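Just so we're aligned, residue 409 is where the sequence shown starts under my numbering, counting upward by one.
Structure, as structure tokens:
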Amino acid sequence: MMSMAKGKRVVVFLDYDGTLSPIVDDPDCAFMSDSMRSAVDKVAQHFPTCIISGRRRDKVYKFVKLTNVYYVGSHGMDIMAPVKSLDHGINTSLHEQAIDEKGNKAVLFQPAEEFLPIIEEVYSELERKTKEINGVMVENNKFCISVHFRRVDEVDWRSLEDQVINTIKEYPSLCITRGRKVIEIRPSIKWDKGRALEYLLEILGFASDQTLPLYIGDDRTDEDAFKVLQRRGQGYSIIVSSIPKDTKASYSLRDPSEVMSFLLLLSKWKKHSDSSRK
């Protein structure tokens, strides 16, 4: 992998939960370690680095607390990028001016913005309908909703799923996907982490064949990004899993600790590569 990176512009894409932080029973406690934060920081000092999460973009930033990475929330439906991206021929009709985590001018791209009122309505309805099920957590991720049942007794799983399905039947513009003990509700638009990956490569000026994207993720939603890299025949996709999985990823790491080791190795390789050219 390192030999293929020589002469290329490496761009790093990372999922958050299960990749940079462990999967925990309480999603609000999915904190990354200081050592992982340091590893991500070191990588971001050498390569453009983006965290693409299903969570709210601002929530991921509060977990990570680094200003030298790009943040994408809601499975790619909430993207903040530098103003310079406007120079790359992208359709800017859905762009809004914003201020990034550094206080710099930025552009905000939210292809599902029109769904915000519906998402808010469904979120309130699901909170009300599931409040009698012990252990359930309904999380508003701005452009999507996560119904976590990791702490729910298994005998209640079917009842919870039925509640979610029956609720969403009333909203044909929304769809349901499933992750690791979580049910996701999101807008039925042709947008996912794979499309967000392509958008970011284009808007950041890294769409050429001289770019080597690396994408690391652990969940089903990351498969969309893996498929994009496979179709492009460009870059490396890495799944994080301790067990064999049916995946489009080319490589695997077992857990966040191995992800951290890989990131440290990547930054060390870049530092050595740069010093050897001096």
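We put the beta carbon where it would ideally sit given N, CA and C, even for glycine.
Source: prediction; values computed, not measured.
- According to the DSSP secondary-structure assignment, residue 569 is paired through a beta bridge with no residue.
- Your pair residue 582 and residue 596 checks out as a contact, with CB atoms roughly 6 Å apart and the cut at 8 Å.
- When rounded, the separation of the alpha-carbon atoms in residue 672 and residue 448 is 8 Å.
- Following the DSSP letters along the chain, one finds residue 602 inside the alpha helix (DSSP H) bounded by residues 601-611.
- The alpha carbon of residue 513 has as its nearest neighbour, out of 503, 591, 446, 522, the alpha carbon of 503.
- Between residue 461 and residue 451, the gap from beta carbon to beta carbon reaches 8 Å or more.
- By the neighbour-count criterion, in which 16 or more other beta carbons inside 10 Å mark a residue as buried, residue 518 falls on the buried side.
- Comparing C-alpha distances from residue 459 to each of 473, 632, 423 shows the shortest one belongs to 423.
- Residue environment: residue 477 is assigned as buried (16 or more neighbouring CB atoms within 10 Å of its CB, all protein chains considered).
- Comparing alpha carbon positions, the residue from 426, 488, 427, 455 closest to residue 416 is 455.
- About 6 Å separates the CB atoms of residue 648 and residue 426; that is less than 8 Å, so the two are in contact.
- Contact between the region 622-635 and the region 652-663 is established, with three or more Cβ pairs separated by less than 8 Å.
- At a Cβ-Cβ threshold of 8 Å, residue 554 and residue 592 count as neighbours.
- In the DSSP assignment, residue 548 is bridged to 553.
- If you draw a straight line from the Cα of residue 679 to the Cα of residue 537, it is about 53 Å long.
- Here residue 664 is buried. Its C-beta has 16 or more other C-beta atoms within 10 Å.
- Leaving aside the five residues that flank residue 556 on each side, the residues in its chain whose CB is nearer than 6 Å to its CB run, in chain order, 435, 545, 590.
- Here residue 412 is exposed: its Cβ has fewer than 16 other Cβ atoms, across all protein chains shown, within 10 Å.
- Per DSSP, reduced to three states, the secondary structure at residue 469 is helical.
- In the DSSP assignment, no residue is bridged to residue 564.
- In the DSSP annotation of this structure, the continuous segment of the alpha helix (DSSP H) that includes residue 529 starts and ends at 524-538.
- Taking a 10 Å sphere around the C-beta of residue 414, we find fewer than 16 other C-beta atoms and assign the residue as exposed.
- Residue 561 places its beta carbon less than 8 Å from that of residue 543.
- Nearest neighbour of residue 594 by Cα position, chosen from 486, 641, 644, turns out to be 486.
- Assigned with DSSP and collapsed to three states, residue 660 falls in strand.
- Comparing alpha carbon positions, the residue from 669, 548, 534 closest to residue 463 is 548.
- With respect to residue 506, residue 611 sits apart: the two C-beta atoms are not nearer than 8 Å.
- When secondary structure is reduced to three states using DSSP, residue 446 falls in the helix class.
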